[in-house]
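Chemist:
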Amino acid sequence: MPVPYAFLFDMDGTLLDSRRAVVGAVAAALGRTYAHCGLPPAPPDLSLIEDCMGLPGKEYFARAFPPRTVPAPRRAEFAAAYARFTSQEEIAAIRAGGTALYDGVETALAGLKDRGHELLLFSNADAPYFRGIVAAHGLDRFFARSLCIGEAEARGLATDKTGMVRVLAADPSRTVVVGDRASDLEAGRAAGARTVGCLYGFGTAEELRAADWTVDGPLDWLSLPLDGRDLPA
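Numbering (this note's numbering), first residue to last: 45 to 277.
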């Protein structure tokens with residue numbers, strides 16, 4: 045039977061709750077970065093760090109610190125060191141079991157796969173973090189293909205999530221992009237895919253209003269009314 049749809053999932057905030065591990069790792073990395081750059085330390089703004097989650101890496105590390113604490117001419121240098129130290133801290137947190145799949149994710153992914161749908165995975169993360177999460181949770185058993193922005197840029201495939209949708213999805217018109225941030229929905233729409241906004245993730249209900257559908261939990265993926273009916277069993 046031909047595969048009726050491809051489901052392209054965002055990772056953080058869609059499949060798993062990484063806030064505890066990531067916020068802690070970023071806060072630790074921020075302290076290391078101030079020391080590395082010879083700047084006076086400033087307490088991490090945990091709300092700012094969390095609010096920036098889901099942004100592309102370069103944008104994240106340019107924004108997830110109080111700008112007044114770093115002289116403007118040194119911010120690019122600071123952001124690069126911040127990203128490097130964060131990657132190290134995140135890998136340690138992943139290995140310590142600091143991330144967890146949302147309830148129902150494995151059941152829902154298995155159900156979609158058993159029905160013949162193709163499952164794909166993408167992320168704004170860098171490669172060490174992305175592959176660390178995939179390995180820690182055994183996600184390769186569900187996904188036919190996966191790609192993060194760090195890998196896409198290194199291989200000259202794409203520079204944003206819209207480009208990754210086009211790389212991963214053989215037919216965007218038969219693809220459903222599932223994510224928790226406006227950037228996920230915008231990427232899907234720009235590529236010609238339909239979109240699902242996950243209300244339980246990092247984004248707000250307001251930023252997900254433009255989704256074709258919104259869901260309250262992963263098990264709702266199994267009953268999306270594509271083509272005016274439930275997904276084929």
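By construction, the Cβ of each residue, glycine as well, lies at the ideal position given by its N, Cα and C atoms.
For the alpha helix (DSSP H) that contains Leu-162, what are its first and last residues?
Modeler: By one-based count along the sequence shown, residue 162 stands at place 118. Residue identity differs from the one stated: residue 162 is Glu in this sequence, not Leu. Per DSSP, Glu-162 belongs to no alpha helix (DSSP H); it is in the beta strand (DSSP E), 162-167.
Chemist: Which whole-angstrom value is the C-beta distance of Gly-148 and Gly-261, which I expect to be below 8 Å?
Modeler: Numbered from 1 along the sequence shown, position 104 holds the residue referred to as residue 148. Numbered from 1 along the sequence shown, position 217 holds the residue referred to as residue 261. That pair is a contact at about 6 Å.
Chemist: Hey, would you say Phe-51 sits closer than 8 Å to Leu-59, going by beta carbons?
Modeler: Your numbering for residue 51 matches position 7 in the sequence shown. Your numbering for residue 59 matches position 15 in the sequence shown. No, these two residues do not count as a Cβ contact at 8 Å.
Chemist: Does the separation of the CB atoms of Ala-144 and Trp-265 fall below 8 Å?
Modeler: Reading the sequence shown from its first residue, position 100 is the one you call residue 144. Reading the sequence shown from its first residue, position 221 is the one you call residue 265. No, the Cβ-Cβ distance between Ala-144 and Trp-265 is not below 8 Å.
Chemist: With a Cβ-Cβ cutoff of 8 Å, do Ala-125 and Cys-81 count as a contact?
Modeler: On the sequence shown, position 81 is the one that residue 125 refers to. On the sequence shown, position 37 is the one that residue 81 refers to. Contact: yes.
Chemist: Which residue's Cα is closest to the Cα of Tyr-244: Ser-62, Gly-232 and Ala-213?
Modeler: Looking up residue 244 in the sequence shown gives position 200. Looking at the Cα atoms, Ser-62 is the closest of the given residues.
Chemist: Going along the chain, which residues of its own chain have a beta-carbon closer than 6 Å to the beta-carbon of Thr-219, five neighbours each way excluded?
Modeler: Against the sequence shown, residue 219 aligns to sequence position 175. For Thr-219, where only same-chain residues beyond five positions count, the Cβ hits under 6 Å are Ala-50, Leu-52, Ala-213 and Ala-237.
Chemist: Around the Cβ of Pro-216, are there at least 16 other Cβ atoms within 10 angstroms (buried) or fewer (exposed)?
Modeler: Residue 216 sits at position 172 when you count from the first residue of the sequence shown. Buried, since its Cβ has 16 or more Cβ neighbours within 10 Å.
Chemist: Looking at the secondary structure, which residues open and close the beta strand (DSSP E) in which Gly-223 lies?
Modeler: Mapped onto the sequence shown, residue 223 falls at position 179. Looking at the DSSP string, the run of the beta strand (DSSP E) that includes Gly-223 is 219-223.
Chemist: Using a Cβ-based criterion (distance less than 7 Å to any ligand heavy atom), does Arg-238 qualify as near the ligand COA?
Modeler: As presented, the structure is devoid of all ligands, the ligand COA included, so that no description of it is given.
Chemist: Could you check whether Glu-195 and Ala-171 sit closer than 8 Å to each other, using their CB atoms as the reference points?
Modeler: The residue given as residue 171 occupies position 127 in the sequence shown. The residue given as residue 195 occupies position 151 in the sequence shown. Cβ distance < 8 Å, so Ala-171 and Glu-195 count as in contact.
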